[in-house]
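S.K.: What follows is a structure written as structure tokens; I'll ask about it next.
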Amino acid sequence: MSMIALSIPPFPTFIRGGEFTFQKGKKHFSRVFTVFDLLYVTKGKLYMQEDDNKFEVKEGQYVILVPGKRHTGYQGCDEDTTYYWLHFVIPNDAYQVVETKELDWSYVYKKEPTFIEAGHYLFHIPQYAEVKRREIIEQQLETMLSISEGDAHLPDDYLKQQIYFSEFILQLQKEAFSIPSATEKVCEQAMKLIQDNYQNQISMTWLKQELNFHPDYITRCMQKTIGISPIQYLTHYRLHQAKRLLVETEYKVSTISREVGIEDVTYFSKLFKKMEGATPMEYRRLVHRK
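Just so we're aligned, residue 6 is where the sequence shown starts under my numbering, counting upward by one.
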């Protein structure tokens with residue numbers, strides 16, 4: 006398999022992204038694209054082909070399709086398949102497609118920064134891979150793409166997306182090393198605790214007691230790794246579970262609110278609409294119509 010070797014700085018430039026679902030039997034259309042197209046699957050399996058190379062992209066895997074080559078779905082999906090897509094460019098086409106190699110930081114550092122010159126780095130991102138820290142990757146994607154939801158955009162929204170995208174590229178590089186940093190380990194531990202206890206009352210004091218780290222340190226680790234604080238992640242996870250229950254059950258909104266750890270159903274409904282752009286019942290009707 007191949008790697009994409011790119012010179013940094015500058016970082017790749019984010020263009021646009023989103024989430025899409027192919028219904029069972031559907032496949033990606035054929036095209037020759039002028040930008041990079043990263044496809045990350047969260048559910049199901051995509052069958053993608055780039056010229057003569059075929060990729061089966063399963064849950065928790067991604068493929069980066071290179072500009073100038075024909076991309077097509079060579080087979081329909083076996084089941085409903087959901088994936089994130091990101092379009093980006095590498096300035097000045099400063100990249101090469103090279104053979105896969107074992108990596109460490111010595112491959113990345115090419116020139117140390119000085120007081121008047123920027124450092125120079127050479128990233129090697131696998132073109133096709135399974136991620137090891139899936140929850141971190143998926144939360145980074147959701148955080149980045151949630152900025153573009155809705156009709157109104159502030160100028161700094163696009164700048165924030167670019168920053169998050171650069172963090173995402175850095176995470177893919179670290180994934181290739183297979184060695185999580187101390188910051189990532191703390192973030193993963195906090196995320197796991199929140200996922201296992203989201204139905205209960207969770208506070209920063211409780212996280213401090215469970216992880217034996219200062220709340221400020223836990224917050225910094227999560228913000229650096231996935232771009233949001235522990236309490237923001239708790240809200241995200243509760244709403245993620247609420248959306249699942251709205252789709253998979255016929256529970257009342259008040260029941261779902263309690264199920265995800267929010268006793269005040271009015272607050273839950275307001276929070277849901279603020280984050281999702283629709284009330285819980287509107288969301289349920291919209292999904293069922295699809």
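Heads up, the beta-carbon is just placed ideally off N, CA and C, and yes, glycines get one too.
First and last residue of the beta strand (DSSP E) that includes H76?
M.R.: Along the sequence shown, one-based indexing puts residue 76 at 71. Element bounds for H76: 75-78.
S.K.: What does a CB cutoff of less than 7 Å around Q145 pick up in its chain, not counting 5 residues either side in sequence?
M.R.: The residue given as residue 145 occupies position 140 in the sequence shown. Correct list, in chain order: Y169, E172, F173, Q176, I231, G232.
S.K.: Return yes when the Cβ of Y88 is within less than 8 Å of the Cβ of Y45, no when it is not.
M.R.: Here the question's residue 45 lines up with position 40 in the sequence shown. Here the question's residue 88 lines up with position 83 in the sequence shown. Yes, these two residues count as a Cβ contact at 8 Å.
S.K.: Scan the segment 182-261 and note each continuous alpha helix (DSSP H) run of 4 residues or more that stays entirely inside, going in chain order.
M.R.: Within the segment 182-261, the complete alpha helix (DSSP H) runs of at least 4 residues are 187-202, 209-216, 220-231, 235-253.
S.K.: Count the other CB atoms within 10 Å of the CB of V37; is the residue buried (16 or more) or exposed (fewer)?
M.R.: In the sequence shown, residue 37 corresponds to position 32, counting from 1. Burial call: exposed.
S.K.: Would you kindly work out how many angstroms separate the C-alpha atoms of K165 and M149, rounded to a whole number?
M.R.: For the purposes of this step, residue 165 is identified with residue 160 of the sequence shown, where counting begins at 1. For the purposes of this step, residue 149 is identified with residue 144 of the sequence shown, where counting begins at 1. Cα-Cα distance, rounded: 8 Å.
S.K.: Just to confirm, are V258 and M280 a CB contact at a threshold of 8 Å?
M.R.: Residue 258 sits at position 253 when you count from the first residue of the sequence shown. Residue 280 sits at position 275 when you count from the first residue of the sequence shown. Taking 8 Å as the Cβ cut-off, V258 and M280 do not qualify as a contacting pair.
S.K.: Can you check which of these residues, V265, P17, S12, K50, is closest to H241 by C-alpha distance?
M.R.: Reading the sequence shown from its first residue, position 236 is the one you call residue 241. Selected option, being the one with the closest Cα: V265.
S.K.: Look at the Cβ atom of E143, then the Cβ atom of T47, and state whether they are nearer than 8 Å.
M.R.: Numbered from 1 along the sequence shown, position 138 holds the residue referred to as residue 143. Numbered from 1 along the sequence shown, position 42 holds the residue referred to as residue 47. Yes; because the gap between Cβ atoms is below 8 Å, this pair is in contact.
S.K.: Check E64 in the structure and name its three-state DSSP category.
M.R.: The residue you call residue 64 lines up with position 59 of the sequence shown. Three-state DSSP puts E64 in coil, outside helix and strand.
S.K.: Using a 10 Å radius around the Cβ and a threshold of 16 neighbouring Cβ atoms, would you call D57 buried or exposed?
M.R.: In the sequence shown, counting from the first residue as 1, residue 57 sits at position 52. That one is exposed.
S.K.: Y203 and R139 - do their beta-carbons sit closer together than 8 Å?
M.R.: The residue labelled residue 139 in the question sits at position 134 within the sequence shown. The residue labelled residue 203 in the question sits at position 198 within the sequence shown. Not a contact, by the Cβ cut-off of 8 Å.
S.K.: What's the call for K179, buried or exposed, on a 16-neighbour Cβ count within 10 Å?
M.R.: Within the sequence shown, residue 179 is the residue found at index 174, counting from 1. Counting Cβ neighbours within 10 Å, K179 comes out buried, since at least 16 surround it.
S.K.: Tell me whether M227 is buried or exposed, calling it buried when 16 or more other Cβ atoms sit within 10 Å of its Cβ.
M.R.: For the purposes of this step, residue 227 is taken as the residue at position 222 of the sequence shown. It is buried - the Cβ of M227 has at least 16 other Cβ atoms within 10 Å.
S.K.: At what residues does the alpha helix (DSSP H) containing K278 begin and finish?
M.R.: Numbered from its first residue, the sequence shown carries residue 278 at position 273. Per DSSP, K278 belongs to the alpha helix (DSSP H) from 270-281.
S.K.: Let's test the definition: count the other Cβ atoms within 10 Å of the Cβ of Q54 and tell me whether it reaches 16, buried, or not, exposed.
M.R.: Translated into positions along the sequence shown, residue 54 becomes position 49. Buried, by the Cβ-count rule.
S.K.: So what's S7 in DSSP terms, helix, strand or just coil?
M.R.: As a first step, residue 7 must be located in the sequence shown, where it is residue number 2. Of the three classes helix, strand and coil, the one that applies to S7 here is strand, per DSSP.
S.K.: So Q101 is in the beta strand (DSSP E); what residue range does that whole segment cover?
M.R.: Translated into the one-based positions of the sequence shown, residue 101 becomes position 96. From DSSP, the beta strand (DSSP E) with Q101 extends over 100-104.
S.K.: On a Cα-Cα basis, can you pick out the residue from R75, K116, V102, I69 that is closest to P93?
M.R.: Counted from its first residue, the sequence shown places residue 93 at position 88. According to the sequence as given, residue 93 is Phe; it is not Pro. Among R75, K116, V102, I69, the Cα nearest to that of F93 is on I69.
S.K.: Assuming Q132 and S7 are in contact, meaning their beta carbons sit under 8 Å apart, how far apart are those beta carbons, in whole angstroms?
M.R.: As a working mapping, residue 132 is identified with position 127 in the sequence shown. As a working mapping, residue 7 is identified with position 2 in the sequence shown. That belief holds up - the Cβ atoms of Q132 and S7 are roughly 5 Å apart, short of 8 Å.
S.K.: Check P118 in the structure and name its three-state DSSP category.
M.R.: Indexing the sequence shown from 1 puts residue 118 at position 113. Note: P118 maps to coil in three-state DSSP.
S.K.: Which two residues bound the contiguous beta strand (DSSP E) that contains I130?
M.R.: Within the sequence shown, the letter at position 125 stands for residue 130. Unbroken beta strand (DSSP E) run through I130: 125-131.
S.K.: Sort E24, Q101, K116, G65 by Cα distance to V136 and report the nearest one.
M.R.: Here residue 136 is taken as the residue at index 131 of the sequence shown, counted from 1. Of the candidates E24, Q101, K116, G65, the one whose C-alpha sits nearest the C-alpha of V136 is G65.
S.K.: Need the endpoints of the alpha helix (DSSP H) that R138 sits in, please.
M.R.: In the sequence shown, counting from the first residue as 1, residue 138 sits at position 133. Careful: R138 lies outside any alpha helix (DSSP H) and carries neither H nor E.
S.K.: Going by the CB atoms, is the gap between I152 and I9 shorter than 8 Å?
M.R.: Within the sequence shown, residue 9 is the residue found at index 4, counting from 1. Within the sequence shown, residue 152 is the residue found at index 147, counting from 1. No, Cβ-Cβ distance for I9 and I152 is not below 8 Å.
S.K.: Quick one: Cα of K29 to Cα of L51, how far?
M.R.: As a position in the sequence shown, residue 29 is number 24, starting the count at 1. As a position in the sequence shown, residue 51 is number 46, starting the count at 1. About 11 Å.
S.K.: Using the three-state DSSP reduction, which class does I20 fall into: helix, strand or coil?
M.R.: Taking the sequence shown and counting its residues from 1, one reaches residue 20 at position 15. Strand at I20.
S.K.: H92 by DSSP, collapsed to three states: which one?
M.R.: Translated into the one-based positions of the sequence shown, residue 92 becomes position 87. Reduced to three states, the DSSP call for H92 is strand.
S.K.: Could you have a look at Q166 and say whether DSSP puts it in helix, strand or coil?
M.R.: On the sequence shown, position 161 is the one that residue 166 refers to. The answer is helix: DSSP assigns Q166 an H, G or I state.
S.K.: Would DSSP call S12 helix, strand or coil?
M.R.: Here residue 12 corresponds to residue number 7 of the sequence shown, with the count starting at 1. Correct three-state label for S12: strand.
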